[in-house]
Amino acid sequence: MNITIFGSGYVGLVTGACLAEVGNNVCCVDIDSEKINKLQQGQIPIYEPALEDLIKQNQSLGRISFTTDIKAAVSHGMFQFIAVGTPPDEDGSADLQYVLAVAKSIATHMEGYKVIIDKSTVPVGTADKVKHVIQQTQAEQNKAVEFDVVSNPEFLKEGSAIADFMKPDRIIIGTDNPKTTELLKTLYAPFNRNRERLIAMDIRSAELTKYAANAMLATKISFMNELANLAERLGADIENVRHGIGSDSRIGYQFIYPGCGYGGSCFPKDVKALERTAKEVGYNAELLTAVENVNLRQKQVLFTKINDYYQGQLKGKVFALWGLAFKPKTDDMREAPSRVLLEALIEAGATVQAYDPEALDEAKRIYGENPQNLIFCETQEAALNNANALCIVTEWKHFWAPDFLMLKEKLIDEVIFDGRNLYEPKSLEQLGLKYLSIGRSNPLK
(Lines of atoms letter the chains of each structure in order from A; the text may use other names.)
(Lines give C-alpha, C1' and ligand atoms only; values in the text may rest on other atoms or scores of the structure.)
Protein backbone atom coordinates (compact mmCIF):
# COMPACT_ATOMS: atom_id res chain seq x y z
CA MET A 0 0.00 0.00 0.00
CA ASN A 1 1.04 3.62 -0.52
CA ILE A 2 1.08 5.48 2.79
CA THR A 3 1.79 9.11 3.62
CA ILE A 4 2.84 10.22 7.10
CA PHE A 5 2.79 13.87 8.11
CA GLY A 6 5.36 14.53 10.82
CA SER A 7 8.82 13.01 11.06
CA GLY A 8 9.18 13.05 14.80
CA TYR A 9 9.03 10.14 17.20
CA VAL A 10 5.60 8.75 16.29
CA GLY A 11 5.90 9.46 12.57
CA LEU A 12 9.31 7.83 12.16
CA VAL A 13 8.45 4.71 14.14
CA THR A 14 5.12 4.34 12.33
CA GLY A 15 6.73 4.89 8.94
CA ALA A 16 9.62 2.51 9.55
CA CYS A 17 7.39 -0.31 10.81
CA LEU A 18 4.83 0.05 8.02
CA ALA A 19 7.67 0.04 5.47
CA GLU A 20 9.21 -3.02 7.12
CA VAL A 21 6.18 -5.15 6.22
CA GLY A 22 6.32 -4.11 2.56
CA ASN A 23 4.37 -0.85 2.26
CA ASN A 24 5.60 2.17 0.30
CA VAL A 25 5.85 4.98 2.84
CA CYS A 26 6.38 8.69 2.24
CA CYS A 27 7.20 10.78 5.31
CA VAL A 28 6.65 14.51 4.92
CA ASP A 29 7.75 17.35 7.19
CA ILE A 30 8.06 21.11 6.83
CA ASP A 31 11.46 21.06 8.59
CA SER A 32 13.81 20.95 5.60
CA GLU A 33 16.91 20.47 7.77
CA LYS A 34 15.40 17.40 9.40
CA ILE A 35 14.32 15.97 6.04
CA ASN A 36 17.79 16.54 4.54
CA LYS A 37 19.34 14.62 7.42
CA LEU A 38 16.81 11.81 7.13
CA GLN A 39 17.50 11.54 3.41
CA GLN A 40 21.17 11.04 4.34
CA GLY A 41 20.30 8.37 6.89
CA GLN A 42 20.72 10.58 9.96
CA ILE A 43 17.99 9.91 12.56
CA PRO A 44 17.11 12.90 14.79
CA ILE A 45 16.03 10.83 17.80
CA TYR A 46 17.39 7.85 19.70
CA GLU A 47 15.21 4.77 19.74
CA PRO A 48 16.69 1.24 19.80
CA ALA A 49 16.67 -0.43 16.35
CA LEU A 50 14.99 2.55 14.62
CA GLU A 51 18.04 3.78 12.73
CA ASP A 52 18.82 0.35 11.28
CA LEU A 53 15.18 -0.18 10.33
CA ILE A 54 14.96 3.14 8.47
CA LYS A 55 18.29 2.68 6.67
CA GLN A 56 17.36 -0.84 5.60
CA ASN A 57 14.01 0.26 4.17
CA GLN A 58 15.57 3.33 2.55
CA SER A 59 17.97 1.04 0.70
CA LEU A 60 15.02 -1.06 -0.46
CA GLY A 61 13.11 2.01 -1.63
CA ARG A 62 10.21 1.45 0.74
CA ILE A 63 10.52 4.67 2.76
CA SER A 64 11.28 8.18 1.57
CA PHE A 65 11.36 11.66 3.08
CA THR A 66 10.19 14.91 1.52
CA THR A 67 9.05 18.48 2.15
CA ASP A 68 6.82 18.40 -0.94
CA ILE A 69 3.33 18.41 0.57
CA LYS A 70 1.48 18.18 -2.76
CA ALA A 71 3.49 15.11 -3.80
CA ALA A 72 3.03 13.54 -0.37
CA VAL A 73 -0.76 13.96 -0.47
CA SER A 74 -0.82 12.48 -3.96
CA HIS A 75 1.29 9.51 -2.84
CA GLY A 76 -0.96 7.63 -0.43
CA MET A 77 -4.59 6.75 0.09
CA PHE A 78 -3.77 6.54 3.80
CA GLN A 79 -2.78 9.93 5.18
CA PHE A 80 -1.42 9.66 8.74
CA ILE A 81 -1.30 12.79 10.87
CA ALA A 82 1.56 12.33 13.34
CA VAL A 83 2.54 15.89 14.19
CA GLY A 84 3.07 17.32 17.66
CA THR A 85 0.29 18.49 19.96
CA PRO A 86 2.21 20.53 22.54
CA PRO A 87 0.39 21.81 25.61
CA ASP A 88 -1.07 25.30 25.51
CA GLU A 89 -0.64 27.63 28.47
CA ASP A 90 -3.88 26.33 29.97
CA GLY A 91 -2.76 22.69 29.66
CA SER A 92 -4.97 21.86 26.69
CA ALA A 93 -3.48 20.23 23.58
CA ASP A 94 -2.49 22.67 20.85
CA LEU A 95 -4.11 21.42 17.64
CA GLN A 96 -2.75 24.05 15.25
CA TYR A 97 -0.34 21.61 13.56
CA VAL A 98 -2.94 18.86 13.26
CA LEU A 99 -5.46 21.22 11.67
CA ALA A 100 -2.80 22.74 9.41
CA VAL A 101 -2.07 19.25 8.06
CA ALA A 102 -5.80 18.66 7.54
CA LYS A 103 -5.99 21.84 5.50
CA SER A 104 -2.97 20.83 3.42
CA ILE A 105 -4.48 17.42 2.67
CA ALA A 106 -7.78 19.02 1.68
CA THR A 107 -6.00 21.52 -0.57
CA HIS A 108 -4.14 18.89 -2.59
CA MET A 109 -6.30 15.76 -2.48
CA GLU A 110 -7.72 14.67 -5.82
CA GLY A 111 -9.03 11.22 -4.94
CA TYR A 112 -10.42 9.31 -1.97
CA LYS A 113 -8.29 9.56 1.18
CA VAL A 114 -8.40 8.02 4.64
CA ILE A 115 -7.11 10.65 7.07
CA ILE A 116 -5.78 8.93 10.19
CA ASP A 117 -5.24 10.84 13.43
CA LYS A 118 -2.16 9.15 14.92
CA SER A 119 -1.19 12.08 17.12
CA THR A 120 -2.51 12.10 20.67
CA VAL A 121 -5.46 14.47 20.39
CA PRO A 122 -8.44 15.47 22.57
CA VAL A 123 -11.87 13.97 22.12
CA GLY A 124 -13.61 15.74 19.25
CA THR A 125 -10.46 16.36 17.18
CA ALA A 126 -11.62 14.10 14.34
CA ASP A 127 -14.72 16.29 14.03
CA LYS A 128 -12.50 19.37 13.78
CA VAL A 129 -10.29 17.73 11.17
CA LYS A 130 -13.37 16.76 9.16
CA HIS A 131 -14.74 20.30 9.40
CA VAL A 132 -11.46 21.85 8.20
CA ILE A 133 -11.33 19.49 5.21
CA GLN A 134 -14.97 20.15 4.29
CA GLN A 135 -14.50 23.91 4.67
CA THR A 136 -11.32 23.93 2.57
CA GLN A 137 -12.95 21.88 -0.16
CA ALA A 138 -15.95 24.21 -0.18
CA GLU A 139 -13.63 27.19 -0.67
CA GLN A 140 -12.09 25.38 -3.65
CA ASN A 141 -15.45 24.31 -5.07
CA LYS A 142 -14.60 20.61 -4.94
CA ALA A 143 -16.06 17.62 -3.13
CA VAL A 144 -13.54 14.78 -2.95
CA GLU A 145 -14.61 11.82 -0.82
CA PHE A 146 -12.68 11.18 2.40
CA ASP A 147 -12.99 9.60 5.82
CA VAL A 148 -11.38 10.58 9.12
CA VAL A 149 -10.22 7.83 11.47
CA SER A 150 -8.79 7.84 15.00
CA ASN A 151 -5.89 5.40 15.38
CA PRO A 152 -3.98 6.38 18.53
CA GLU A 153 -0.44 5.16 19.10
CA PHE A 154 0.58 3.17 22.16
CA LEU A 155 4.36 3.29 21.84
CA LYS A 156 6.72 3.21 24.81
CA GLU A 157 9.95 5.09 24.29
CA GLY A 158 12.75 2.55 24.41
CA SER A 159 10.65 -0.31 23.01
CA ALA A 160 8.60 1.43 20.33
CA ILE A 161 9.58 -0.86 17.46
CA ALA A 162 8.53 -3.97 19.37
CA ASP A 163 5.34 -2.21 20.52
CA PHE A 164 4.38 -1.44 16.92
CA MET A 165 5.38 -4.80 15.43
CA LYS A 166 3.76 -6.84 18.22
CA PRO A 167 1.08 -4.57 19.71
CA ASP A 168 -1.09 -5.33 22.72
CA ARG A 169 -3.98 -3.80 20.80
CA ILE A 170 -4.70 -1.76 17.67
CA ILE A 171 -7.43 0.80 18.34
CA ILE A 172 -9.34 2.21 15.39
CA GLY A 173 -12.18 4.67 15.72
CA THR A 174 -14.36 4.97 12.63
CA ASP A 175 -17.85 6.02 11.60
CA ASN A 176 -17.82 4.09 8.33
CA PRO A 177 -17.67 0.27 7.95
CA LYS A 178 -15.65 0.80 4.76
CA THR A 179 -12.76 2.42 6.64
CA THR A 180 -12.87 -0.27 9.30
CA GLU A 181 -12.19 -2.89 6.63
CA LEU A 182 -9.45 -0.76 5.05
CA LEU A 183 -7.69 -0.38 8.39
CA LYS A 184 -8.01 -4.12 9.06
CA THR A 185 -6.23 -4.76 5.78
CA LEU A 186 -3.53 -2.19 6.56
CA TYR A 187 -2.82 -3.72 9.96
CA ALA A 188 -3.18 -7.37 8.94
CA PRO A 189 0.61 -8.02 9.11
CA PHE A 190 0.59 -6.99 12.79
CA ASN A 191 -2.51 -9.01 13.61
CA ARG A 192 -1.59 -12.53 12.50
CA ASN A 193 -1.41 -14.76 15.58
CA ARG A 194 -4.41 -13.34 17.43
CA GLU A 195 -7.05 -10.63 17.02
CA ARG A 196 -5.52 -7.40 18.28
CA LEU A 197 -7.68 -4.91 16.40
CA ILE A 198 -10.46 -3.24 18.38
CA ALA A 199 -12.89 -1.12 16.37
CA MET A 200 -15.05 1.48 18.09
CA ASP A 201 -16.58 4.89 17.55
CA ILE A 202 -14.19 7.77 16.96
CA ARG A 203 -14.69 9.64 20.24
CA SER A 204 -14.19 6.49 22.29
CA ALA A 205 -10.93 5.81 20.44
CA GLU A 206 -9.72 9.33 21.14
CA LEU A 207 -10.55 8.99 24.83
CA THR A 208 -8.96 5.53 25.06
CA LYS A 209 -5.49 6.98 24.43
CA TYR A 210 -5.80 9.60 27.16
CA ALA A 211 -7.40 7.10 29.52
CA ALA A 212 -4.51 4.65 29.10
CA ASN A 213 -1.81 7.21 29.84
CA ALA A 214 -3.77 8.74 32.72
CA MET A 215 -4.25 5.29 34.27
CA LEU A 216 -0.54 4.51 34.12
CA ALA A 217 0.36 7.93 35.51
CA THR A 218 -2.13 7.35 38.32
CA LYS A 219 -0.44 4.08 39.27
CA ILE A 220 2.94 5.83 39.46
CA SER A 221 1.67 8.74 41.54
CA PHE A 222 -0.21 6.37 43.85
CA MET A 223 2.97 4.38 44.51
CA ASN A 224 4.92 7.57 45.12
CA GLU A 225 2.26 8.70 47.59
CA LEU A 226 2.57 5.34 49.36
CA ALA A 227 6.38 5.61 49.32
CA ASN A 228 6.28 8.94 51.12
CA LEU A 229 3.90 7.45 53.66
CA ALA A 230 6.07 4.33 54.09
CA GLU A 231 9.08 6.48 55.01
CA ARG A 232 7.10 8.14 57.77
CA LEU A 233 5.73 4.83 59.06
CA GLY A 234 9.05 2.99 59.09
CA ALA A 235 7.97 0.61 56.30
CA ASP A 236 9.87 -0.40 53.16
CA ILE A 237 7.96 0.46 49.99
CA GLU A 238 9.82 -2.23 48.04
CA ASN A 239 8.34 -4.89 50.31
CA VAL A 240 4.94 -3.27 49.88
CA ARG A 241 5.40 -3.25 46.10
CA HIS A 242 6.09 -6.98 46.04
CA GLY A 243 3.14 -7.56 48.34
CA ILE A 244 0.57 -5.75 46.23
CA GLY A 245 2.09 -6.62 42.85
CA SER A 246 1.52 -10.30 43.51
CA ASP A 247 -2.20 -9.58 43.31
CA SER A 248 -3.12 -10.31 39.69
CA ARG A 249 -5.69 -7.52 39.79
CA ILE A 250 -2.89 -5.02 40.41
CA GLY A 251 0.21 -6.54 38.81
CA TYR A 252 3.81 -5.35 38.93
CA GLN A 253 3.86 -2.92 36.01
CA PHE A 254 4.03 0.80 36.74
CA ILE A 255 4.15 0.41 40.52
CA TYR A 256 7.80 1.33 40.93
CA PRO A 257 8.21 4.30 43.29
CA GLY A 258 10.71 6.95 42.34
CA CYS A 259 11.39 10.63 41.77
CA GLY A 260 8.45 11.24 39.44
CA TYR A 261 7.46 10.54 35.85
CA GLY A 262 8.38 12.67 32.85
CA GLY A 263 8.51 12.43 29.08
CA SER A 264 6.37 13.72 26.26
CA CYS A 265 3.20 11.79 27.12
CA PHE A 266 2.15 11.36 30.74
CA PRO A 267 2.55 14.97 31.97
CA LYS A 268 1.02 16.45 28.82
CA ASP A 269 -1.82 13.96 28.51
CA VAL A 270 -2.89 14.10 32.15
CA LYS A 271 -3.11 17.89 31.94
CA ALA A 272 -4.90 17.77 28.59
CA LEU A 273 -7.49 15.30 29.89
CA GLU A 274 -8.00 17.42 32.99
CA ARG A 275 -8.53 20.45 30.74
CA THR A 276 -10.98 18.51 28.56
CA ALA A 277 -12.98 17.65 31.67
CA LYS A 278 -13.17 21.32 32.64
CA GLU A 279 -14.41 22.23 29.17
CA VAL A 280 -17.45 19.99 29.65
CA GLY A 281 -18.08 21.22 33.19
CA TYR A 282 -16.56 18.31 35.09
CA ASN A 283 -13.98 18.65 37.87
CA ALA A 284 -11.62 15.68 37.44
CA GLU A 285 -10.17 15.77 40.95
CA LEU A 286 -8.19 12.53 40.62
CA LEU A 287 -6.36 13.80 37.53
CA THR A 288 -5.48 17.01 39.37
CA ALA A 289 -4.12 14.99 42.29
CA VAL A 290 -2.07 12.74 39.99
CA GLU A 291 -0.38 15.77 38.44
CA ASN A 292 0.18 17.51 41.79
CA VAL A 293 1.68 14.40 43.40
CA ASN A 294 4.07 14.04 40.45
CA LEU A 295 5.18 17.68 40.62
CA ARG A 296 5.86 17.26 44.33
CA GLN A 297 7.67 13.96 43.80
CA LYS A 298 10.14 15.60 41.44
CA GLN A 299 11.28 17.70 44.41
CA VAL A 300 11.84 14.72 46.73
CA LEU A 301 15.48 14.04 45.87
CA PHE A 302 16.49 17.68 46.25
CA THR A 303 14.67 17.85 49.59
CA LYS A 304 16.57 14.77 50.82
CA ILE A 305 19.87 16.24 49.66
CA ASN A 306 19.17 19.65 51.15
CA ASP A 307 18.09 18.14 54.47
CA TYR A 308 21.15 15.89 54.62
CA TYR A 309 23.49 18.84 54.12
CA GLN A 310 21.36 21.09 56.35
CA GLY A 311 20.94 23.61 53.54
CA GLN A 312 24.69 24.02 53.04
CA LEU A 313 24.94 23.09 49.35
CA LYS A 314 27.07 25.95 48.06
CA GLY A 315 30.37 24.65 46.75
CA LYS A 316 29.31 21.01 46.90
CA VAL A 317 29.78 18.77 43.85
CA PHE A 318 27.17 16.17 42.92
CA ALA A 319 27.58 13.33 40.45
CA LEU A 320 24.30 12.79 38.60
CA TRP A 321 23.65 9.50 36.84
CA GLY A 322 20.80 9.73 34.35
CA LEU A 323 19.39 12.67 32.40
CA ALA A 324 16.75 11.05 30.19
CA PHE A 325 13.28 10.70 31.72
CA LYS A 326 13.58 6.90 31.39
CA PRO A 327 16.11 4.37 30.06
CA LYS A 328 16.58 3.60 26.36
CA THR A 329 15.78 7.11 25.17
CA ASP A 330 17.45 10.49 24.91
CA ASP A 331 14.20 12.32 25.68
CA MET A 332 14.54 14.88 28.50
CA ARG A 333 11.11 16.46 28.21
CA GLU A 334 9.67 16.94 31.73
CA ALA A 335 12.52 14.77 33.07
CA PRO A 336 12.99 14.67 36.88
CA SER A 337 16.73 15.15 36.28
CA ARG A 338 16.07 18.70 35.10
CA VAL A 339 14.23 19.61 38.27
CA LEU A 340 17.02 18.20 40.45
CA LEU A 341 20.03 19.62 38.63
CA GLU A 342 18.44 23.06 38.30
CA ALA A 343 17.62 23.13 42.02
CA LEU A 344 21.17 22.06 42.95
CA ILE A 345 22.73 24.69 40.73
CA GLU A 346 20.35 27.33 42.09
CA ALA A 347 21.56 26.38 45.59
CA GLY A 348 25.17 26.98 44.57
CA ALA A 349 26.26 23.40 43.90
CA THR A 350 28.02 21.98 40.85
CA VAL A 351 26.51 19.03 38.96
CA GLN A 352 28.61 16.52 37.02
CA ALA A 353 26.12 14.69 34.82
CA TYR A 354 26.33 11.49 32.81
CA ASP A 355 23.80 9.70 30.61
CA PRO A 356 24.57 7.05 27.98
CA GLU A 357 22.25 8.64 25.38
CA ALA A 358 20.99 12.06 26.48
CA LEU A 359 24.18 14.14 26.69
CA ASP A 360 23.63 15.78 23.29
CA GLU A 361 20.04 16.60 24.24
CA ALA A 362 21.23 18.08 27.53
CA LYS A 363 23.74 20.24 25.67
CA ARG A 364 20.96 21.40 23.35
CA ILE A 365 18.86 22.41 26.37
CA TYR A 366 21.54 23.95 28.58
CA GLY A 367 24.30 24.86 26.12
CA GLU A 368 27.75 23.37 25.64
CA ASN A 369 29.32 24.95 28.75
CA PRO A 370 26.62 25.94 31.23
CA GLN A 371 27.64 27.39 34.55
CA ASN A 372 28.05 24.79 37.33
CA LEU A 373 26.92 21.95 35.01
CA ILE A 374 29.57 19.61 33.65
CA PHE A 375 28.77 16.92 31.09
CA CYS A 376 30.79 13.75 31.59
CA GLU A 377 31.50 11.07 29.00
CA THR A 378 31.50 8.18 31.49
CA GLN A 379 29.69 7.43 34.72
CA GLU A 380 33.04 7.10 36.48
CA ALA A 381 34.16 10.55 35.32
CA ALA A 382 31.06 12.06 36.92
CA LEU A 383 32.31 10.81 40.30
CA ASN A 384 35.60 12.72 40.26
CA ASN A 385 35.81 15.05 43.28
CA ALA A 386 32.08 14.58 43.91
CA ASN A 387 30.65 14.85 47.40
CA ALA A 388 27.73 12.56 46.64
CA LEU A 389 26.05 10.55 43.89
CA CYS A 390 22.47 11.15 42.71
CA ILE A 391 20.71 8.50 40.60
CA VAL A 392 17.74 9.73 38.57
CA THR A 393 17.37 7.30 35.62
CA GLU A 394 17.46 3.53 36.04
CA TRP A 395 19.78 2.70 33.14
CA LYS A 396 21.10 -0.87 33.41
CA HIS A 397 24.62 0.61 33.41
CA PHE A 398 23.92 1.74 36.97
CA TRP A 399 22.44 -1.44 38.42
CA ALA A 400 25.64 -3.07 39.64
CA PRO A 401 28.46 -0.54 40.07
CA ASP A 402 31.69 -1.11 41.98
CA PHE A 403 30.51 0.03 45.40
CA LEU A 404 33.99 0.02 46.90
CA MET A 405 35.06 2.38 44.11
CA LEU A 406 32.05 4.57 44.89
CA LYS A 407 33.02 4.65 48.56
CA GLU A 408 36.55 5.62 47.65
CA LYS A 409 35.57 8.32 45.16
CA LEU A 410 32.67 10.03 46.93
CA ILE A 411 33.98 12.54 49.43
CA ASP A 412 30.97 12.21 51.73
CA GLU A 413 30.32 8.52 50.94
CA VAL A 414 26.61 9.09 50.32
CA ILE A 415 24.21 8.04 47.53
CA PHE A 416 20.81 9.61 46.86
CA ASP A 417 18.87 7.09 44.79
CA GLY A 418 15.68 8.21 43.05
CA ARG A 419 15.00 4.77 41.55
CA ASN A 420 15.65 2.35 44.46
CA LEU A 421 18.30 0.38 42.59
CA TYR A 422 20.20 -0.97 45.58
CA GLU A 423 19.64 -2.75 48.88
CA PRO A 424 20.01 -0.34 51.83
CA LYS A 425 21.46 -2.91 54.23
CA SER A 426 24.12 -4.03 51.75
CA LEU A 427 25.34 -0.49 51.23
CA GLU A 428 25.22 0.24 54.93
CA GLN A 429 27.49 -2.77 55.55
CA LEU A 430 29.97 -1.33 53.05
CA GLY A 431 30.00 1.96 54.92
CA LEU A 432 28.03 3.89 52.32
CA LYS A 433 25.20 6.15 53.42
CA TYR A 434 22.17 5.50 51.23
CA LEU A 435 18.97 7.51 50.92
CA SER A 436 16.30 6.23 48.55
CA ILE A 437 12.54 6.52 48.04
CA GLY A 438 10.11 5.11 50.60
CA ARG A 439 12.55 2.77 52.32
CA SER A 440 13.87 2.40 55.85
CA ASN A 441 16.43 5.16 56.28
CA PRO A 442 19.57 3.87 58.07
CA LEU A 443 20.54 7.45 58.93
CA LYS A 444 17.58 7.92 61.29
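Reading the sequence shown from the start, the letters are residues 0 to 444 in numbering that gives the first Met the number 0. Think of the CB as a built atom: it goes at the ideal place given N, C-alpha and C, for glycine as much as any other residue. In this text the structure is predicted, and so the values were computed from the model without any measurement.
Do T136 and K113 count as a contact pair if the criterion is CB distance below 8 Å?
The sequence position of residue 113 within the sequence shown is 114, counting from 1. The sequence position of residue 136 within the sequence shown is 137, counting from 1. No, these two residues do not count as a Cβ contact at 8 Å.
L432: which of D117, F65, G418 and E408 sits nearest, CA to CA?
The count along the sequence shown starts at 1 and reaches residue 432 at position 433. Comparing Cα-Cα distances from L432 to each of D117, F65, G418 and E408, the minimum goes to E408.
By Cβ distance, which residues of its chain are closer than 7 Å to T66, with the 5 residues on each side in sequence left out?
Against the sequence shown, residue 66 aligns to sequence position 67. Contacts found: C26, V28, I35 and A72.
Any idea if P152 is buried or exposed, counting beta-carbon neighbours within 10 angstroms, 16 or more meaning buried?
As a first step, residue 152 must be located in the sequence shown, where it is residue number 153. It counts as buried.
For G262, which residues from the same chain have a beta carbon less than 7 Å from its beta carbon, with the 5 sequence-adjacent residues on both sides left out?
On the sequence shown, residue 262 is found 263 positions in, with the first residue counted as 1. F325, R333, E334, A335 and P336, listed in sequence order.
Please state whether DSSP places Y447 in a helix, a strand or coil.
Beyond the ends of the chain as shown, which are 0 and 444, falls residue 447; an answer cannot be given.
Classification of P86 by the beta-carbon crowding that lies within 10 angstroms, buried from 16 upward:
For the purposes of this step, residue 86 is taken as the residue at position 87 of the sequence shown. Label assigned to P86: exposed.
As assigned by DSSP and simplified to three states, the class of G11
In the sequence shown, the residue the question calls residue 11 occupies position 12. Helix at G11.
Tell me where the beta strand (DSSP E) around Q352 begins and ends.
Position 353 of the sequence shown, counting from 1, holds the residue named residue 352. First-last of the beta strand (DSSP E) with Q352: T350 to Y354.
Consult DSSP for L432 and reduce its assignment to one of helix, strand or coil.
Numbered from 1 along the sequence shown, position 433 holds the residue referred to as residue 432. Three-state DSSP puts L432 in coil, outside helix and strand.
Do T185 and V149 have their beta-carbon atoms positioned less than 8 Å apart in this structure?
Residue numbering aside, residue 149 sits at position 150 when the sequence shown is read from its first letter. Residue numbering aside, residue 185 sits at position 186 when the sequence shown is read from its first letter. Not closer than 8 Å, so no.
Just to check my reading of the structure: L406 and N387 have Cβ atoms closer than 8 Å, yes? What is that Cβ distance to the nearest angstrom?
Within the sequence shown, residue 406 is the residue found at index 407, counting from 1. Within the sequence shown, residue 387 is the residue found at index 388, counting from 1. With a Cβ gap of about 12 Å, L406 and N387 do not count as contacting.
Boundaries (first-last residue) of the beta strand (DSSP E) holding L313
Taking the sequence shown and counting its residues from 1, the one referred to as residue 313 is at position 314. Element bounds for L313: n/a, residue is neither H nor E.
Considering only C-alpha positions, which residue in the set D331, K298, V101 and G251 is nearest to C265?
Position 266 of the sequence shown, counted from the first residue, corresponds to residue 265. Measuring from the Cα of C265, the nearest candidate turns out to be D331.
In this structure, does DSSP put Q140 in helix, strand or coil?
Translated into the one-based positions of the sequence shown, residue 140 becomes position 141. Residue state, collapsed to three classes: coil.
Distance check for Y187 and L18, CA to CA, integer angstroms please.
Here residue 18 refers to the residue found at position 19 of the sequence shown. Here residue 187 refers to the residue found at position 188 of the sequence shown. So the two alpha carbons sit approximately 9 Å from each other.
Report the option in A272, S246 and Q253 whose CA atom is closest to the CA atom of V121.
Working through the sequence shown from its first residue, we reach residue 121 at position 122. Measuring from the Cα of V121, the nearest candidate turns out to be A272.
How big is the Cα-Cα spacing for E231 and S92?
To locate residue 231, count along the sequence shown from 1; it is residue 232. To locate residue 92, count along the sequence shown from 1; it is residue 93. Each residue's alpha carbon lies about 35 Å from the other.
Return the residue from the list D412, G418 and L404 that minimises the CA-CA distance to S426.
Here the question's residue 426 lines up with position 427 in the sequence shown. Of the listed residues, the one whose Cα sits closest to S426 is L404.
What residue ranges within the stretch 379 to 441 form continuous beta strand (DSSP E) runs of no fewer than 3 residues, ordered along the chain?
388 to 391, 414 to 417 and 433 to 435
The alpha helix (DSSP H) that contains I105, what's its start and end?
In the sequence shown, the residue the question calls residue 105 occupies position 106. Q96 to H108 is the extent of the alpha helix (DSSP H) around I105.
With DSSP run on the structure shown, which of helix, strand or coil describes G245?
As a working note, residue 245 is residue 246 in the sequence shown. Helix, per DSSP.
Is the separation between the beta-carbon of L323 and that of L344 shorter than 8 Å?
If you number the sequence shown from 1, residue 323 lands on position 324. If you number the sequence shown from 1, residue 344 lands on position 345. No, the pair does not count as a contact, with Cβ atoms beyond the cut-off.
So is T303 buried or exposed if we call it buried at 16+ other beta carbons inside 10 Å?
Counted from its first residue, the sequence shown places residue 303 at position 304. Flag for T303 reads exposed.
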